[in-house]
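*Asks:* Note that this note's numbering has the sequence shown beginning at 30, numbered continuously upward.
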Amino acid sequence: MIKKKQHFVSQFYLKNWAGKDDRLFALINNNVMPMKTREVAHSNYFYKVDGVNDDERAFLLKEVSSLAEPIKSMISGLINSFHIIHKFSIDVNGETEESRIIKTNAIEDVYCIVEELALPSLDIIKKEEYGEIDIFGYSYVVRYINFQLARTPAVKNKIKNSTESLLRDKNIRFDSYYMIYSLIIAERISLQLINKLYKLVVINNKTNINLITNDNPVKNLNPIDKVEVKLFLPLSPKQGLLLEPSELPDEKVKTPLEDLSKSQYYLSVTDCYDQDYISKLNLITWNNKERSAFSYKESDLKILIS
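1. Name the DSSP bridge partner or partners of Gly-166?
2. Could you give the C-beta distance for Val-78 and Leu-330, rounded to a whole number, given that I count them as a contact under 8 angstroms?
3. For my contact list, Ile-307 and Asn-234 are in at a C-beta cut-off of 8 angstroms; report their separation, rounded to the angstrom.
4. Which of the three DSSP states is assigned to Asn-245 in this structure?
5. Could you compute how far the alpha carbon of Ser-290 sits from the alpha carbon of Leu-56?
6. Among Lys-91, Met-208, Ser-321 and Thr-236, which residue has its Cα nearest to the Cα of Asp-300?
7. Using a 10 Å radius around the Cβ and a threshold of 16 neighbouring Cβ atoms, would you call Arg-180 buried or exposed?
8. Residue range of the beta strand (DSSP E) that Asp-59 falls in?
9. Extract the residue ranges of the alpha helix (DSSP H) inside the stretch 64-127, only unbroken runs of 4 or more that lie entirely within it.
10. Which residue from Glu-98, Tyr-206, Ser-168 and Lys-199 puts its Cα closest to that of Lys-185?
11. Along the alpha helix (DSSP H) that carries Val-184, what are the first and last residues, could you check?
12. When the distance is taken between beta carbons, is Val-247 closer than 8 angstroms to Leu-226?
13. Leaving out five residues before and five after Ser-324 in sequence, what residues of the same chain have Cβ atoms less than 7 angstroms from its Cβ?
14. For Ile-218, which residues of its own chain have a beta-carbon under 7 angstroms away from its beta-carbon, when the five flanking residues on both sides are left out?
15. Once DSSP output is grouped into helix, strand and coil, what is the label at Leu-262?
16. Here's the rule: buried if 16 or more other CB atoms are within 10 angstroms of the residue's CB, otherwise exposed. What is Ser-3?
17. Throw me the rounded Cβ distance for the Phe-37 and Val-81 pair, which I believe falls under 8 angstroms.
18. Per DSSP, Ser-297 forms a beta bridge with which residues?
19. Out of curiosity, what's the CA-to-CA distance linking Lys-189 and Phe-203?
20. Could you check if Thr-125 is buried or exposed, using at least 16 other CB atoms within 10 Å of its CB as the buried criterion?
21. Residues in its own chain within less than 7 angstroms of Glu-193 by CB, not counting five upstream and five downstream?
22. Identify whether Ser-34 lies in helix, strand or coil by the three-state DSSP scheme.
23. For Ile-162, count neighbouring C-beta atoms within 10 Å of its own C-beta (all shown protein chains included) and say buried if the count is 16 or more, exposed if not.
24. Pull up the DSSP beta-bridge partners for Gln-268, would you.
25. Could you pull the start and end residues of the alpha helix (DSSP H) that Ser-23 belongs to?
26. Taking the alpha carbon of Ser-94 as the reference point, which residue from Leu-212, Pro-274, Leu-146 and Gln-268 has its own alpha carbon closest?
27. Provide the residue(s) that pair with Ala-322 in DSSP beta bridges, ordered along the chain.
28. In three-state terms, what does DSSP make of Glu-137?
29. Is it the case that the Cβ atoms of Glu-85 and Ile-201 are separated by a distance below 8 angstroms?
30. What span of residues does the alpha helix (DSSP H) with Asn-316 cover, start to end?
31. Which class does Arg-217 belong to by DSSP, given the choice of helix, strand or coil?
Below you can see the structure in the form of structure tokens.
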């Protein structure tokens, strides 16, 4: 079935801010109102790719060559499928129902797979059973954060503004290229952070102030001119995730991942009782939104509007 309404912030994620009736509070056009998670952070056919031409295929396959398996083969397969669909639509002057489903659903399906792989570790974090997260669970959470970073309209528009004219000179259409490239960006950043053994910090919010989120929820807290990133993702009203550079010596960072069986190498937990710090994180999240912000309580957003 073709998915018309496609979320760029997943409903699974947004449900962390929803009450029993599956409603959260959303800032829409400067008004705060209760809305169901399925009604926010989506756009019709957002992930649709109409196909890739010969130049787009060659360019994307070159970009994907630096990735690791199995993501490398998965994205390469998508590129080739979209290329076949493009040639078929030209040669036959039409398309099949199967090709329409692939064009519309395939990219979102990859994001869903990444989310499903991270679910067990995210559930462990929510239950505060951190010792059960192994190095592979850690790597799935790193991907979860970076794939969410790459999939929003805000990030797409930033990249479009800086690259569209350059790509056009190479016969590459931005809208056909970017949805596939967003997967490549997300995996490339993930591999860099995993290989550097970035620390995943769980912030347990012990204050009476709830964390909020938005339609562009991952924020780099470091200045843009700094090489190393420090990524923050609100996970729920009472938990947030930070990915920050490792403090381990280089020889330990270079240890093969499967040999790092102790979670203290890549995971830490902090209980935060500092209301000013939580308020600061909320202000950062508020300022990083593109159009909408979301909260568990109406007052969590209204205090920021004022």
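Even for Gly, the Cβ is constructed at its ideal location relative to N, Cα and C. Remember, predicted model here, so these are calculated numbers, not experimental data.
*Replies:* Walking through what the data contain:
1. Partner(s): none; Gly-166 has no beta bridge.
2. Wrong, their Cβ atoms sit about 34 angstroms apart, outside the cutoff.
3. Contact flag correct, Cβ pair sits at about 6 angstroms.
4. In the structure shown, the three-state DSSP call for Asn-245 is coil.
5. With a pLDDT of 49 at Ser-290, under the threshold of 50, the modelled position of that residue is not reliable, and no figure is offered here.
6. When each option's Cα is compared against that of Asp-300, the closest is Thr-236.
7. Under this definition Arg-180 is a buried residue.
8. Checking the sequence, you will find Asn at residue 59 rather than Asp. Premise fails: Asn-59 is in no beta strand (DSSP E) and is neither H nor E.
9. Listed in chain order, the complete alpha helix (DSSP H) runs (minimum 4 residues) inside the stretch 64-127 are 83-93 and 100-121.
10. With distances taken between Cα atoms, Lys-185 lies closest to Tyr-206.
11. Membership of Val-184 in the alpha helix (DSSP H) is indicated by the continuous run 182-198.
12. In this structure, Leu-226 lies away from Val-247, with their beta-carbon atoms at least 8 angstroms apart.
13. These residues qualify, in order along the chain: Trp-46, Leu-53, Phe-54, Asn-239, Ile-241 and Leu-330.
14. Within the same chain, Asn-175 come within 7 angstroms of Ile-218 by CB-CB distance, once the 5 residues on both sides are set aside.
15. In the structure shown, Leu-262 sits in a strand (DSSP, three-state: E or B).
16. For the chain, the structure presents residues 30 to 335; residue 3 sits outside this window and is missing.
17. The pair is not a contact, with the Cβ atoms about 21 angstroms apart (cut-off 8 angstroms).
18. Answer is Val-230.
19. Cα to Cα, the separation comes out at about 7 angstroms.
20. Its Cβ having fewer than 16 others within 10 Å, Thr-125 is exposed.
21. Only Phe-203 meet the Cβ criterion.
22. Reading off the sequence, residue 34 comes out as Lys, not Ser. Reduced to three states, the DSSP call for Lys-34 is strand.
23. Classification for Ile-162: buried.
24. The partner list for Gln-268 (beta bridge, DSSP) reads Asn-233 and Ser-265.
25. Any answer about residue 23 is impossible in this case: the structure gives the chain only from 30 up to 335.
26. Of the candidates Leu-212, Pro-274, Leu-146 and Gln-268, the residue whose Cα lies closest to the Cα of Ser-94 is Leu-212.
27. Paired residues: Asn-243.
28. Helix.
29. Going by C-beta atoms, Glu-85 is nearer than 8 angstroms to Ile-201.
30. Asn-316 -> alpha helix (DSSP H) spans 304-317.
31. Three-state DSSP puts Arg-217 in a helix.
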